[in-house]
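Protein chains: 2
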Amino acid sequence: MNGRTLNLVTSVTRHERKERTRRALLDAALGLLAGTGFGSLSLREVTKQAGIVPTAFYRHFSSMDELGVALVNESMRTLRATIREARRDPRSSAGIIGASVRTLHEHVRAHEDHFLFVTRERHGGAGPVRQAIAFELKLLTSELAVDLARFRYLRDWTTEDLHMVADLIVTAMLATVLELLEARPRDTETDERILRTAEKKLRLITLAVPSWHPAT
Amino acid sequence: MNGRTLNLVTSVTRHERKERTRRALLDAALGLLAGTGFGSLSLREVTKQAGIVPTAFYRHFSSMDELGVALVNESMRTLRATIREARRDPRSSAGIIGASVRTLHEHVRAHEDHFLFVTRERHGGAGPVRQAIAFELKLLTSELAVDLARFRYLRDWTTEDLHMVADLIVTAMLATVLELLEARPRDTETDERILRTAEKKLRLITLAVPSWHPAT
DNA sequence: TCCGTAAGTGAACACGTGTGCACTCCACCA
DNA sequence: TGGTGGAGTGCACACGTGTTCACTTACGGA
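Chains as they are written, first to last, in the working numbering: chain A, 1 to 216; chain B, 217 to 432.
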């Protein structure tokens, strides 16, 4: 091979190696987080789980909080992907609820650790992690509000009211996610029951929309 | 004084002393909990704050978890008191929402630490504390469902649907509590805005009730 | 008055923690 | 081919942790 290709390949390799142990750290933290809150999670534990020595941690993050924020970003990416897929569904507003809930369910089961992390730490600790989550979630609620404005009955609602209902929906759905993650026993039937309830909640909210009077 | 009275008084006093440092421990924990999650809260910190030596802790609780559960019970007592007062309000269903929200607001501001503890630890740690909260909250939701059944339109709903709407309400109100506790800046105007949104959420839910079709 | 009982003390322990420092090693570029 | 920078190591330190044990002290019942 010529120098160019060699450079490229090797450059990728060294970067790749760093990226690999970075991933190992993130995965280790994510794994350990099933057992405790992020606040009581030690740097040494994480590095041990990742297979490196404690001091090597600082080659990737300057503190555990930074690791936490990285985890937030990562988790939010999968949360956004979930919403994007749910929104892309071309069905009528009649079937959109069922489809959305089912999409949510799939994504939750496919990325349990991410969802568990976000929902746990949303109100858990006090550090930068919670702030980051709060910020992202507020952003996400706003996006949902914009989305909602496209529906017929909601077109002439005030933005404040749109935010209100978006917030109600996000809160209800996050509660559903937690129910799914904490469900014991974890069988199909239990999941179905939770999803049915989630659907009902959404249907109840949509039922109210046509009767809503913007005044007051 | 005769022996009887002496016995009683002194007995009370010694009990009282023990109860006093028990309170000091609970208050110390409650105070420190503003800064971190219950999981990362050390026995030594709590005892130092309470003004006793670490080992004396065990005269009152056998572990931090036991202290945590005691805190849950205490907090739940104030939560129940809040609901009891809101329910006792004799107004029509038209004004009941505003009155309930205002009662909630008062109690939240009067017992910030209790509400902060419950809402934070609800999904925070993994220990017996979260389980205790989950249990109490489920109980509370059931009670609300029973209460709801007294309303005209809700009389012939299935219990499952009643639970669903009760759950929706509890979740929305706990979210409101957290908004109040995390509000920056903390002025009357901000509080009013949050309360107005909370009222709207409840009104939206009640609006849906008459159109609800129990089938499916 | 006297004594048991129990709240609170203080020293000690074995361990886990975050971080500093000098180091090896090797992929990479000139 | 030789040299550099950076990922990962190993040792060390100072400190915080939960829990043990023998102890002081004083309240309360006899």
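Yeah, the Cβ is synthetic: ideal placement off N, Cα and C, and Gly gets one too.
query, result
"Of all the residues that make up the region 187-205 of chain A, which are near chain B by a beta-carbon distance shorter than 7 Å?", "197, 200, 201, 204 and 205"
"Would you report the Cα separation of residue 393 of chain B and residue 298 of chain B, rounded to the nearest angstrom?", "12 Å"
"With DSSP run on the structure shown, which of helix, strand or coil describes residue 384 of chain B?", "helix"
"Rounded to a whole number of angstroms, what is the C-alpha to C-alpha distance between residue 99 of chain A and residue 109 of chain A?", "16 Å"
"Ordered along the chain, which non-local residues of its own chain (more than five positions away) have a Cβ less than 6 Å from that of residue 255 of chain B?", "341"
"If we count the other Cβ atoms within 10 Å of its Cβ and call it buried at 16 or more, is residue 146 of chain A buried or exposed?", "exposed"
"For residue 213 of chain A, count neighbouring Cβ atoms within 10 angstroms of its own Cβ and tell me buried if that reaches 16, exposed if not.", "exposed"
"Is the beta carbon of residue 399 of chain B sitting closer than 7 Å to the one on residue 406 of chain B?", "yes"
"Counting only C-beta atoms, is residue 287 of chain B closer than 7 Å to chain A at any point?", "no"
"Hey, does residue 25 of chain A have any beta-carbon neighbour from chain B nearer than 7 Å?", "no"
"Write down the C-beta distance between residue 246 of chain B and residue 329 of chain B rounded to the nearest angstrom, noting that I regard them as a contact closer than 8 Å.", "4 Å"
"Can you tell which of B:258, B:416, B:277 and B:346 has its C-alpha closest to the C-alpha of residue 237 of chain B?", "B:277"
"Could you pull the start and end residues of the alpha helix (DSSP H) that residue 327 of chain B belongs to?", "No alpha helix (DSSP H) holds residue 327 of chain B; DSSP gives it neither H nor E."
"So that I know if they touch, is there some Cβ in chain B lying closer than 7 Å to that of residue 211 of chain A?", "yes"
"Taking Cβ positions, are residue 32 of chain A and residue 45 of chain A nearer each other than 7 Å?", "yes"
"With three or more C-beta pairs closer than 8 Å as the rule, is the region 63-75 of chain A touching the region 128-144 of chain A?", "yes"
"Does residue 51 of chain A have its Cβ less than 7 Å from a Cβ in chain B?", "no"
"So which of B:375, B:258, B:274 and B:380 has the shortest CA-CA distance to residue 234 of chain B?", "B:274"
"Among B:322, B:300, B:292 and B:402, whose alpha-carbon lies nearest the alpha-carbon of residue 354 of chain B?", "B:292"
"Under DSSP, the alpha helix (DSSP H) around residue 350 of chain B begins and ends at which residues?", "344-364"
"Secondary structure at residue 2 of chain A, three-state DSSP: helix, strand or coil?", "Reliability fails at residue 2 of chain A, whose pLDDT of 34 lies under 50, so the model's placement of it is uncertain and no value is given."
"For residue 397 of chain B, which of B:331, B:268 and B:270 has the nearest alpha-carbon?", "B:331"
"Determine the direct distance from the alpha carbon of residue 419 of chain B to that of residue 282 of chain B, and round the result to whole angstroms.", "40 Å"
"For the alpha helix (DSSP H) that residue 409 of chain B lies in, which residues bound it at each end?", "404-424"
"Can you tell me whether residue 111 of chain A is buried or exposed? The criterion is at least 16 other CB atoms within 10 Å of its CB, across all chains shown.", "buried"
"Please return the same chain residues whose Cβ sits closer than 8 Å to the Cβ of residue 383 of chain B, not counting the five positions on each side in sequence.", "357"
"Tell me which residue opens and which closes the alpha helix (DSSP H) that residue 338 of chain B is part of.", "First-last for residue 338 of chain B: undefined, no H or E at that position."
"Using a C-beta cutoff of 7 Å, does residue 279 of chain B count as contacting chain A?", "no"
"Taking Cβ-Cβ distances shorter than 8 Å, what residues in chain A pair up with residue 377 of chain B?", "200"
"Please list, in chain order, the chain B residues whose beta carbon lies closer than 8 Å to that of residue 35 of chain A.", "342"
"Taking residue 292 of chain B as the query, report the chain A residues whose CB atoms sit under 8 Å from its CB, ordered along the chain.", "None at all; the shortest Cβ gap to chain A is about 17 Å."
"With 16 as the cutoff for other CB atoms within 10 Å, does residue 23 of chain A come out buried or exposed?", "exposed"
"Where does residue 117 of chain A land, buried or exposed, given buried means 16+ other C-beta within 10 angstroms?", "buried"
"Would a C-beta distance cut-off of 7 Å place residue 172 of chain A and residue 201 of chain A closer than the cut-off?", "yes"
"List the endpoints of the continuous alpha helix (DSSP H) containing residue 87 of chain A.", "64-88"
"Under 7 Å between the Cβ atoms of residue 148 of chain A and residue 162 of chain A?", "yes"
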